[in-house]
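Below is one structure, written out as structure tokens; the observations come after it.
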Amino acid sequence: MSTQERDVSVAAFLPADATARQALVFSPVLPEWEGGAFFEPVTRLLNEAGMRVFVVDTLSMLDDSTATLAALAEHWSAWLPRLGHLDLVCGNALGGAVAQYLLPHLPPSTGVLLVSGPARTDATLERRLATIAEPAEAGHPHESLAALARAVLPRDVEPEDSAESRLLHHPSSAGNRLAVGMRMLRRLDVTRAVRRHPGALLNIVGGASRLVSTVHTAAAEHHRVHTVRGAGMRPHIDGEAEVAATVRGFLRKEIQR
520 MSTQERDVSV AAFLPADATA RQALVFSPVL PEWEGGAFFE PVTRLLNEAG
570 MRVFVVDTLS MLDDSTATLA ALAEHWSAWL PRLGHLDLVC GNALGGAVAQ
620 YLLPHLPPST GVLLVSGPAR TDATLERRLA TIAEPAEAGH PHESLAALAR
670 AVLPRDVEPE DSAESRLLHH PSSAGNRLAV GMRMLRRLDV TRAVRRHPGA
720 LLNIVGGASR LVSTVHTAAA EHHRVHTVRG AGMRPHIDGE AEVAATVRGF
770 LRKEIQR
């Protein structure tokens, strides 16, 4: 089966009063596909702006030949024409890295909205990613799930017991998804592609993130990196009001003009 014909996991969010504008969202590494719920606060904002939003499970494009993030991004590049013109490409965490890999394949006018999207890794981030991947690789997927649950929260915040218990209900494939996704971010560096992108770009990161921080981002002079104080890897949830105001301003200035 070709990449273009592959049955990927995608959820469509269509506003009541749609414009011709479209946005594509790449998911982070999720234990299992949840229909795009991870991005709901931002998806709602995009719908309010009249944009049709398509959210994809980034890892649903994996196959036995996909060993690197570059290969995964190439699969998605071949799939993109199915949606036609995209005014905005979004990505959260791993999805943000894929979105940045795709910049050379996108029209110069395409806007980019990232949430905790790394453009590069360093030794510190790779160690943090390894703490999530290694237990699953050793046959202990629930330890990886627990490590992920902690890693996405702001520093000094620990998962509630109820959150830990919910992890036990993920399918057996969850550990493999975590291991593969986290390992794909090793030796990441798409700084040059990001800085060459002539379109608008906004990357929102948490100031109390245990994983991706501002040191892992890249931006040209006309791009913007916004830090949400006290937020973790999910600033659109930890600091929803601040992120909403920031995204609305970005849309008005860069996408809706």
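According to this note's numbering, the sequence shown holds residues 520 to 776 in order. Cβ coordinates follow ideal geometry from the N, Cα and C atoms, glycine included.
So if DSSP puts residue i in a beta bridge, which residue, or which two residues, is it bridged to?
| i | result |
| --- | --- |
| Gly630 | Leu607 |
| Gly725 | Val747 |
| Phe532 | Val572 |
| Asp708 | Arg639 |
Distance check for residue j and residue i, CA to CA, integer angstroms please.
| i | j | result |
| --- | --- | --- |
| His741 | Ala750 | 24 Å |
| Ala777 | Val527 | Past the boundaries of the shown model lies residue 777; the chain is included only from 520 to 776, so the question cannot be answered. |
| Leu644 | Leu730 | 6 Å |
| Phe769 | Gly658 | 44 Å |
| Thr629 | Ala698 | 31 Å |
| Val548 | Leu578 | 7 Å |
| Thr765 | Asn566 | 16 Å |
| Glu677 | Val734 | 24 Å |
| Asp606 | Ala727 | 31 Å |
| Leu625 | Val671 | 29 Å |
| Glu551 | Arg563 | 22 Å |
| His661 | Gly694 | 7 Å |
| Ala531 | Glu656 | 33 Å |
| Ile774 | Val544 | 15 Å |
| Ala739 | His604 | 24 Å |
| Pro600 | Glu593 | 13 Å |
| Ala763 | Gly555 | 18 Å |
| Arg706 | Ser663 | 21 Å |
So, for residue i: in the same chain, excluding its five sequence neighbours on each side, which residues have a beta-carbon less than 7 Å away from its beta-carbon?
| i | result |
| --- | --- |
| Gly569 | Pro534, Asp536, Ala537, Thr538, Arg540 |
| Gly725 | Ser635, Pro673, Val747, Ala750, Gly751, Met752, Pro754, Asp757 |
| Ala666 | Thr650, Ile651, Pro654 |
| Leu704 | Leu588, Leu613, Ala616, Pro637, Thr640, Leu648 |
| Pro717 | Pro627 |
| Trp595 | Met580, Val617, Leu621 |
| Ser761 | Position check: residue 761 holds Glu in this sequence, whereas Ser was assumed. The residues are Val747. |
| Arg767 | Leu564 |
Among the residues of its own chain, which have a CB less than 8 Å from the CB of residue i, if the five just before and after it don't count?
| i | result |
| --- | --- |
| Val709 | Ala616, Gln619, Tyr620, Leu622, Ala638, Arg639, Ala737 |
| Asp576 | Val527, Ser528, Val529, Ser546, Leu549, Trp552 |
| Glu759 | Pro560 |
| Leu581 | Leu591, Val699 |
| Arg696 | Val548, Leu549, Pro550, Glu551, Leu578 |
Give the DSSP-derived three-state secondary structure of residue i in the structure shown.
| i | result |
| --- | --- |
| Leu672 | coil |
| Leu720 | strand |
| Ser684 | Note that Ser684 scores 46 on pLDDT, short of 50, meaning its location in the model is unreliable; the coordinates nonetheless yield the value given after this. Looking at Ser684 - three-state DSSP - the assignment turns out to be helix. |
| Gly758 | coil |
| Ser692 | coil |
| Ala737 | coil |
| Ala612 | coil |
| Glu679 | coil |
| Ser732 | coil |
| Val527 | coil |
| Arg767 | helix |
| Arg753 | coil |
Considering only residues of the same chain and omitting the five flanking positions on each side of residue i, which have a CB-CB separation below 6 Å?
| i | result |
| --- | --- |
| Ala712 | Leu622, Pro623 |
| Asn722 | Leu633, Gly636, Thr736, Val744 |
| Thr585 | Leu591 |
| Leu720 | Val631, His742 |
Return yes when the C-beta of residue i is under 7 Å from any heavy atom of the ligand PLP, and no when it is not.
| i | result |
| --- | --- |
| Met703 | Questions concerning the ligand PLP fall outside what the structure shown contains, since it holds no ligand whatsoever. |
Next on the checklist: For a minimum of 4 consecutive residues, which ranges assigned as the alpha helix (DSSP H) are wholly contained in the stretch 614-661?
Outcome noted: As far as the stretch 614-661 is concerned, its whole alpha helix (DSSP H) runs of at least 4 residues are 642-656.
Next on the checklist: Threshold first: 3 residues or longer. Then list the beta strand (DSSP E) segments lying entirely within the stretch 539-572, N to C.
Outcome noted: 541-545
Item to check | Runs of beta strand (DSSP E) lying entirely within the stretch 578-602, each at least 3 residues, in chain order | outcome: none
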